[in-house]
DNA sequence: AGTATTTTGTGAAAAATTTCACATTTCATT
DNA sequence: AATGAAATGTGAAATTTTTCACAAAATACT
Ligand SMILES: NC(=O)c1ccc[n+]([C@@H]2O[C@H](COP(=O)([O-])OP(=O)(O)OC[C@H]3O[C@@H](n4cnc5c(N)ncnc54)[C@H](O)[C@@H]3O)[C@@H](O)[C@H]2O)c1
Ligand SMILES: NC(=O)c1ccc[n+]([C@@H]2O[C@H](COP(=O)([O-])OP(=O)(O)OC[C@H]3O[C@@H](n4cnc5c(N)ncnc54)[C@H](O)[C@@H]3O)[C@@H](O)[C@H]2O)c1
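Residue numbers (the numbering used here), protein chains in the order written: chain A, 1 to 216; chain B, 1 to 216.
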């Protein structure tokens, strides 16, 4: 029911709603949202009913109220503080990304083992890794992004969790294990590319032989 | 049946197999793979049977043969050339990532609209954006990574597809539309963080009130 | 060689997710 | 105020995906 895909759809509805709002719309119907994110209108209504979101028959949903409700459900009604561990290529790209802040995600600091990466006076400071535990405790940080090499990732994750981190977004190409009470989501870009390659091949086979292949 | 999740699992099995192989294993059973990627053994066997992969009863699967077969299914039995459009923070992080090449994914060049990003003599060169069409045609490139600002992304995608690109991995936070015969996968990092935030909140509610909440 | 044990491969069952379909409500128009 | 059209909310149906469970095969052991 309230599975990962459903939550992802809620985020997508929200993105679509912000765009519709910017376009001047005040209310929206399930088919507008369905069209925007590429699902059936009944899916939109089912998702909403799962969270007790209701609109008005014939009147649809009020955009502002809907955005507010979705933000509340998604926990985006307050600012979330995140730290980044591993300020190499990916880590520093993320640190420089300003749009997270617009979305209520504040990157408080970076941490790295390499002194060359340290920048304690920068806009978003980068501290030595041994400062991470006290930092997490002092600032009550619950979220971390891991962008260290794969061999170090599990060890870093364990350390962060022991310091109080509850949620990790991991870019190292391994599946992080974590104990009850904490959670890790893994982003594996090579896997994403591999996946894309597979579906491009399916597509090509379909062109050559439209019958023998099935849909992607 | 052969849905996206199934293909993702195949990639994961492959990763696990490489690790098991490096550890000295020669054969593997469905429960080893299941344990490694966190699914049921019957899921592993079902996935394999879907692609006509078979092992030996009581003997399991031969790791080398299995890796080879998976690579073949996933289209990883040859090197794939990729270009990157938009060599800003994310784009250049990806260009500097050496492990793609180990996995048979070769980043041939980058393209950017900003002359300050151009580097025609670099290891992986960065060319002006107007060179991208001839490059795609000349080198028969089918895959592209888009890492331009969101407002430019759809336009860039259309251009790439018209030049012959079949598969796009998109980092801009919009859902790219593309015509029949081409495919785009979207990576939305803010959505991933939002999703993580939701599940961390579910976790916290569960701690406070173990009954009223359901599993993540 | 024969027996016991382990593991696959796969239909069938179960579970999860999506889609349908329609009664009900609301809004617009006359 | 009455009528008609449009959109929601939701059980039920359909579809998809996962898990079960067990017969058949391969290996190990005696
Ligand atoms: N760069 C990419 O495009 C890309 C793509 C896919 C996956 N990844 C993955 O993301 C991770 C980071 O990649 P990258 O390219 O940024 O690598 P990188 O080498 O540029 O950065 C890694 C950083 O982590 C730091 N580090 C190492 N061990 C540490 C520790 N124990 N504690 C704190 N910091 C530590 C290093 O000093 C370095 O600054 C890797 O796991 C990589 O496989 C990167
Ligand atoms: N940096 C991140 O951590 C991050 C995180 C999430 C999402 N993203 C998304 O990834 C994309 C890139 O982000 P970034 O931080 O690397 O931005 P950036 O501004 O650093 O880089 C964008 C690059 O694209 C180039 N560009 C702009 N228009 C172009 C065009 N028409 N053709 C070719 N090149 C063009 C720019 O010159 C620039 O070099 C954005 O859509 C952003 O929303 C980035």
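Note that the Cβ used here is the ideal one computed from N, Cα and C, for glycine as well.
Return the first residue and the last residue of the alpha helix (DSSP H) that residue 183/A is part of.
Taking the first chain and counting its residues from 1, the one referred to as residue 183/A is at position 183. Here residue 183/A belongs to no alpha helix (DSSP H); instead the beta strand (DSSP E) covers 183-186.
Residue 59/A burial status per 10 Å Cβ neighbour count (16 or more: buried)
Here residue 59/A is taken as the residue at index 59 of the first chain, counted from 1. By the neighbour-count rule (16 or more Cβ atoms within 10 Å), residue 59/A is not buried but exposed.
Can you name the residues of chain B whose CB is closer than 8 angstroms to the CB of residue 99/A?
What you label residue 99/A is simply residue 99 of the first chain in a count that begins at 1. Chain B residues near residue 99/A: 173 and 190.
Taking 8 angstroms as the CB-CB cut-off, is residue 200/B touching chain A?
The residue given as residue 200/B occupies position 200 in the second chain. Yes, residue 200/B counts as interfacial toward chain A.
Please confirm whether residue 110/A has its beta-carbon closer than 8 angstroms to some beta-carbon of chain B.
The residue given as residue 110/A occupies position 110 in the first chain. For residue 110/A, the answer is no, since every Cβ of chain B falls outside 8 angstroms of its Cβ.
7 angstroms CB neighbourhood of residue 137/B in its chain, flanking five on each side removed
The residue given as residue 137/B occupies position 137 in the second chain. Excluding sequence neighbours, residue 137/B sits near 163 and 164.
Check the Cβ-Cβ distances between residue 75/B and every residue of chain A, and say whether any is below 8 angstroms.
Working through the second chain from its first residue, we reach residue 75/B at position 75. It does; some Cβ of chain A falls within 8 angstroms.
Residue 194/A versus chain B: which residues are under 7 angstroms apart at the beta carbon?
Your numbering for residue 194/A matches position 194 in the first chain. What residue 194/A touches in chain B: 11, 74 and 76.
Relative to ligand 4, is the shortest distance from any of its heavy atoms to the C-beta of residue 173/A smaller than 7 angstroms?
As for ligand 4, it is missing from this structure, which binds only ligand 1 and ligand 2.
Should residue 51/A be listed as close to ligand 2, given that the test is whether its C-beta is under 7 angstroms from any heavy atom?
Position 51 of the first chain, counting from 1, holds the residue named residue 51/A. Flag unset: Cβ of residue 51/A not near ligand 2.
First and last residue of the uninterrupted alpha helix (DSSP H) at residue 148/B:
Residue numbering aside, residue 148/B sits at position 148 when the second chain is read from its first letter. First-last for residue 148/B: undefined, no H or E at that position.
Cα separation between residue 8/A and residue 166/B?
In the first chain, counting from the first residue as 1, residue 8/A sits at position 8. In the second chain, counting from the first residue as 1, residue 166/B sits at position 166. For residue 8/A and residue 166/B, the distance between alpha carbons rounds to 26 angstroms.
Closest to residue 38/B by CA distance: which of 6/A, 174/A and 42/A is it?
If you number the second chain from 1, residue 38/B lands on position 38. For the residues 6/A, 174/A and 42/A, the minimum Cα distance to residue 38/B belongs to 174/A.
Please decide whether residue 142/B counts as near chain A, where near means a Cβ-Cβ distance under 8 angstroms.
Position 142 of the second chain, counting from 1, holds the residue named residue 142/B. Answer yes: the Cβ-Cβ gap between residue 142/B and chain A drops below 8 angstroms somewhere.
Tell me residue 84/B's beta-bridge partners as DSSP assigns them.
Residue 84/B sits at position 84 when you count from the first residue of the second chain. The partner list for residue 84/B (beta bridge, DSSP) reads 110/B and 145/B.
Nearest neighbour of residue 52/A, chosen from 72/A, 33/A, 35/A and 5/A [CA to CA]
Within the first chain, the letter at position 52 stands for residue 52/A. Residue 52/A has its Cα closest to that of 72/A, out of 72/A, 33/A, 35/A and 5/A.
My guess is that residue 108/A and residue 141/A are in contact by the Cβ rule of under 8 angstroms, so how many angstroms apart are they, rounded?
On the first chain, residue 108/A is found 108 positions in, with the first residue counted as 1. On the first chain, residue 141/A is found 141 positions in, with the first residue counted as 1. 7 angstroms between Cβ atoms; contact.
Using a beta-carbon distance below 8 angstroms, is residue 207/A in contact with chain B?
Locating residue 207/A in the first chain gives position 207, counting from the first residue. Cβ-Cβ to chain B under 8 angstroms: yes for residue 207/A.
Helix, strand or coil for residue 5/B? Go by DSSP, reduced to three states.
As a position in the second chain, residue 5/B is number 5, starting the count at 1. It is helical.
Just list the beta strand (DSSP E) runs in the segment 22-87 of chain A, keeping only unbroken ones of 3 residues or longer that don't cross its boundaries, in chain order.
80-85
Just to confirm, are residue 178/B and residue 184/B a CB contact at a threshold of 8 angstroms?
On the second chain, residue 178/B is found 178 positions in, with the first residue counted as 1. On the second chain, residue 184/B is found 184 positions in, with the first residue counted as 1. Cβ distance < 8 angstroms, so residue 178/B and residue 184/B count as in contact.
Kindly indicate if chain B contains any beta-carbon less than 8 angstroms away from that of residue 181/A.
Position 181 of the first chain, counted from the first residue, corresponds to residue 181/A. Yes, contact with chain B.
In chain order, what residues of the same chain have a beta carbon less than 8 angstroms from the beta carbon of residue 154/B, not counting five sequence neighbours either side?
One-based indexing of the second chain puts residue 154/B at position 154. 174, 176 and 177, listed in sequence order.
Out of curiosity, what's the CA-to-CA distance linking residue 93/B and residue 55/A?
Here residue 93/B refers to the residue found at position 93 of the second chain. Here residue 55/A refers to the residue found at position 55 of the first chain. Taking the straight line joining both Cα atoms gives about 44 angstroms.
Backbone secondary structure at residue 127/A - three-state DSSP:
In the first chain, the residue the question calls residue 127/A occupies position 127. Three-state result, residue 127/A: strand.
Check the Cβ of residue 203/B against every Cβ in chain A and list those closer than 7 angstroms, keeping chain order.
If you number the second chain from 1, residue 203/B lands on position 203. What residue 203/B touches in chain A: 166, 181 and 183.
Between the segment 189-209 of chain B and the segment 11-27 of chain B, can you find at least three pairs of beta-carbon atoms closer than 8 angstroms?
no
Whole-angstrom Cβ separation of residue 91/A and residue 110/A, contact assumed at under 8 angstroms?
Walking along the first chain from the start, residue 91/A turns up at place 91. Walking along the first chain from the start, residue 110/A turns up at place 110. Correct: roughly 6 angstroms between the Cβ atoms.
By DSSP, does residue 215/B sit in helix, in strand, or in coil?
On the second chain, position 215 is the one that residue 215/B refers to. With a pLDDT of only 35 at residue 215/B, under the threshold of 50, the placement of this residue in the model should not be trusted; the figure read from the coordinates follows. DSSP places residue 215/B in coil when its eight states are reduced to three.
Closest by CA to residue 2/B, which one among 49/B, 36/B and 21/B?
The sequence position of residue 2/B within the second chain is 2, counting from 1. The shortest Cα separation from residue 2/B among 49/B, 36/B and 21/B belongs to 49/B.
Local Cβ density within 10 Å of residue 181/A, reported as buried at 16 or more and exposed below that:
Start at 1 with the first residue of the first chain, and residue 181/A comes out as number 181. Exposed: under 16 other Cβ atoms inside 10 Å.
So residue 191/A is in the alpha helix (DSSP H); what residue range does that whole segment cover?
Taking the first residue of the first chain as position 1, residue 191/A is located at position 191. Element bounds for residue 191/A: 189-208.
First and last residue of the uninterrupted beta strand (DSSP E) at residue 220/B:
Summary: the structure shown does not reach residue 220/B, with chain B confined to residues 1 through 216, and so no result is reported for it.
For residue 89/B, would you say it is in contact with chain A, using Cβ-to-Cβ distances shorter than 8 angstroms as the test?
Taking the first residue of the second chain as position 1, residue 89/B is located at position 89. At least one chain A Cβ lies under 8 angstroms of residue 89/B.
Which residues does DSSP pair with residue 105/A in a beta bridge?
Walking along the first chain from the start, residue 105/A turns up at place 105. Answer is 80/A, bridged to residue 105/A.
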